[in-house]
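This note's numbering puts the first residue of the sequence shown at 3, with every later residue one more than the last.
We put the beta carbon where it would ideally sit given N, CA and C, even for glycine.
Encoded as structure tokens, the structure appears first; notes follow it.
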Amino acid sequence: MVKLLIYGLEASPPTRSCLLTLKALELPFELVHVNLLNGEHLTPEFLEKNPQHTVPMLEDDEGCIWDSHAIMTYLVGKYGKDDALYPLDHHQRAIVDQRLHFDSGLMFTGALRPITRGILMLGETVIEQSRIEAVAEIYDLVELFLGDNDFVAGNELTLADFSFVSSISCLWIYLPIDAAKYPRISAWVQRMKELPYYEEANGIGATQLETILKSKNFTIAA
Ligand SMILES: N[C@@H](CCC(=O)N[C@@H](CS)C(=O)NCC(=O)O)C(=O)O
Numbered sequence: 003m004v005k006l007l008i009y010g011l012e013a014s015p016p017t018r019s020c021l022l023t024l025k026a027l028e029l030p031f032e033l034v035h036v037n038l039l040n041g042e043h044l045t046p047e048f049l050e051k052n053p054q055h056t057v058p059m060l061e062d063d064e065g066c067i068w069d070s071h072a073i074m075t076y077l078v079g080k081y082g083k084d085d086a087l088y089p090l091d092h093h094q095r096a097i098v099d100q101r102l103h104f105d106s107g108l109m110f111t112g113a114l115r116p117i118t119r120g121i122l123m124l125g126e127t128v129i130e131q132s133r134i135e136a137v138a139e140i141y142d143l144v145e146l147f148l149g150d151n152d153f154v155a156g157n158e159l160t161l162a163d164f165s166f167v168s169s170i171s172c173l174w175i176y177l178p179i180d181a182a183k184y185p186r187i188s189a190w191v192q193r194m195k196e197l198p199y200y201e202e203a204n205g206i207g208a209t210q211l212e213t214i215l216k217s218k219n220f221t222i223a224a
């Protein structure tokens, strides 16, 4: 088996999406820690591999891939025993792809990143209401996506669930999930927590990030 290196850190939500995928596929890998707060992603060595200087990044015998969504689909296609997590059926795959783009374009980049970056990188201590409203809009949509299904892209676990749970387990720090308003999201979170590899691949890192963020004593604007 070729050596898989995943560059990142457990506190990073998209890194955790990849850790969930690697664990679900039962692939051996090594996590190469990249400390963003120390600028380890801006070293010439890292920039040589990934000029966009983001984590996660995967390195295998063919080279480097970054962006968690690209990494996850690549892992299933190249190393998965079957297509369950990323179905080959065109329609089912399109639904999973839509969810992955939703995370990439809206949930992580539009809602989660601006708040988290503001607190961790820009020293912001007050979160604007409009940013919390953006999180609520994400929850509204995820509740609709779930419908009567067990998972976010249908009744089977897919990569979309890994992307969503890694982001949502940070968003809930800013806006806790109200079980009365979002019963489907609440039930789905419990379902995700029951995965045997959830705690190791997502739970521990989510708690780490929560501890770091809460130590910054941020508040939400009235
Ligand atoms: N869409 C990307 C987002 C990656 C991303 O923004 N990662 C953050 C850490 S959670 C990062 O690397 N930030 C450092 C930087 O952008 O320079 C993905 O899913 O991998």
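ask   = If you measure from the CB of residue 23, is any heavy atom of ligand 1 nearer than 7 Å?
value = no
message = Here's the rule I'm using: 16 or more other beta-carbon atoms within 10 Å means buried, otherwise exposed. How should residue 150 be labelled?
response = exposed
key: Contact check, residue 14 vs residue 105, beta carbons under 8 Å   = no
request  = Counting only the same chain and skipping the five closest in sequence on each side, list residues whose C-beta sits under 6 Å from that of residue 131.
outcome  = 223
message = Please tell me whether residue 55 and residue 44 are closer than 8 Å, where the distance is taken between their beta carbons.
response = yes
task = Report all residues from its chain with a CB closer than 6 Å to the CB of residue 97; omit the five preceding and five following residues, and keep chain order.
result = 155
task = Take residue 160 as the anchor and find which of 10, 74 and 178 has the nearest alpha-carbon.
result = 74
ask   = So, is residue 19 buried or exposed, given that buried needs 16 or more other C-beta atoms within 10 angstroms?
value = buried
key: Residue interval of the alpha helix (DSSP H) (run including residue 167)   = 161-176
query = In whole angstroms, what is the alpha-carbon distance linking residue 28 and residue 87?
reply = 13 Å
inquiry  = Does the distance between the C-beta of residue 95 and the nearest non-hydrogen atom of ligand 1 fall short of 7 Å?
reply    = no
query = Do the stretch 195-211 and the stretch 165-181 touch if we need at least three Cβ pairs shorter than 8 Å?
reply = yes
query = Exposed or buried, what is residue 4 when buried is set at 16 or more other beta-carbons lying within 10 Å of its beta-carbon?
reply = exposed
inquiry  = Does the beta-carbon of residue 115, which I'm using as the reference point, lie nearer than 7 Å to any heavy atom of ligand 1?
reply    = yes
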